[in-house]
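In what follows, a single structure is set out as structure tokens and then discussed.
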Amino acid sequence: MEEAIYYGKTLKDAFKSAERLLEKRIDELNALNVFPVPDGDTGINMFLTLQAATASLDNLNTNSVAEMAPKLARGALLGARGNSGVILSQIFRGMAKVLETKDYFTAFDFAKALHNASETAYRSITKPVEGTILTVIREAAEAAGQQISNNGNLKHTITTVTDQARNTVSRTPDLLPQLKEAGVVDAGGK
Numbered sequence: 002m003e004e005a006i007y008y009g010k011t012l013k014d015a016f017k018s019a020e021r022l023l024e025k026r027i028d029e030l031n032a033l034n035v036f037p038v039p040d041g042d043t044g045i046n047m048f049l050t051l052q053a054a055t056a057s058l059d060n061l062n063t064n065s066v067a068e069m070a071p072k073l074a075r076g077a078l079l080g081a082r083g084n085s086g087v088i089l090s091q092i093f094r095g096m097a098k099v100l101e102t103k104d105y106f107t108a109f110d111f112a113k114a115l116h117n118a119s120e121t122a123y124r125s126i127t128k129p130v131e132g133t134i135l136t137v138i139r140e141a142a143e144a145a146g147q148q149i150s151n152n153g154n155l156k157h158t159i160t161t162v163t164d165q166a167r168n169t170v171s172r173t174p175d176l177l178p179q180l181k182e183a184g185v186v187d188a189g190g191k
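Its first residue numbered 2, the sequence shown is counted upward by one per residue in the numbering used here.
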């Protein structure tokens, strides 16, 4: 069976969809924000970061993943707001490093990009803390790797990644005492 390939339109559509979904949840995420500082801005910071990433593609007339991925990462970095935005930009940077050499990507490339995203995000933090977005991206990347070894289908891989991310988010209070004390899950991970 030949592995399915996906071009830049798929990547762009995924980021635009994520932007719309995140915009609807800004207030919810802001309300969950207790770590590292309970300043109630995680939702808006992550949204503005993602919005800057997707805006970087607005005038780009290509279907090449190799051209889009670095633009997304740079847009996120330049538009990053707060701790959560900076970490999110590093996740995009890690993904871009894998995808910037590909005109298209496969489910395997997606899993590899998530793995690199996790490693890049962890390296960007002086003292990484478990129970945060870092744990969520790491466990999601691990799930993607396991799914790829079982089935190289992007839809199945994304479902597996999403399910694992939700599961990890639900466990963040068990990993980070500040979350348990406040009775919330990690805002950035959610």
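Glycine included, C-beta positions come from ideal geometry on N, C-alpha and C.
Please state the DSSP three-state secondary structure of residue i.
{"i": "Tyr123", "result": "helix"}
{"i": "Phe36", "result": "coil"}
Give the C-beta separation of residue i and residue j to the nearest angstrom, bearing in mind that I take them to be a contact with Cβ-Cβ under 8 angstroms.
{"i": "Ala122", "j": "Gln91", "result": "5 angstroms"}
{"i": "Ile149", "j": "Thr163", "result": "Actually they do not touch by this definition, with Cβ atoms about 15 angstroms apart."}
{"i": "Gly76", "j": "Ala56", "result": "6 angstroms"}
{"i": "Leu100", "j": "Ala114", "result": "6 angstroms"}
{"i": "Ser85", "j": "Thr43", "result": "5 angstroms"}
{"i": "Asn64", "j": "Tyr8", "result": "5 angstroms"}
{"i": "Asn117", "j": "Met96", "result": "7 angstroms"}
{"i": "Gly189", "j": "Thr133", "result": "6 angstroms"}
Mind checking which residues open and close the alpha helix (DSSP H) that includes residue i?
{"i": "Val66", "result": "66 to 80"}
{"i": "Val185", "result": "Careful: Val185 lies outside any alpha helix (DSSP H) and carries neither H nor E."}
{"i": "Ile6", "result": "Where Ile6 is concerned, there is no enclosing alpha helix (DSSP H), given that its DSSP letter is neither H nor E."}
{"i": "Ser57", "result": "Run containing Ser57: none; DSSP gives neither H nor E here."}
{"i": "Glu140", "result": "134 to 151"}
{"i": "Pro93", "result": "Inspection of the sequence shows that residue 93 is occupied by Phe rather than by Pro. 83 to 100 is the extent of the alpha helix (DSSP H) around Phe93."}
{"i": "Pro129", "result": "From DSSP, Pro129 is part of no alpha helix (DSSP H); its letter is neither H nor E."}
{"i": "Leu176", "result": "155 to 176"}
Hey, is the region 64 to 82 in contact with the region 18 to 37, meaning 3+ C-beta pairs nearer than 8 angstroms? no
Kindly confirm or deny that the region 166 to 181 and the region 10 to 29 touch, where touching means at least three C-beta pairs closer than 8 angstroms. no
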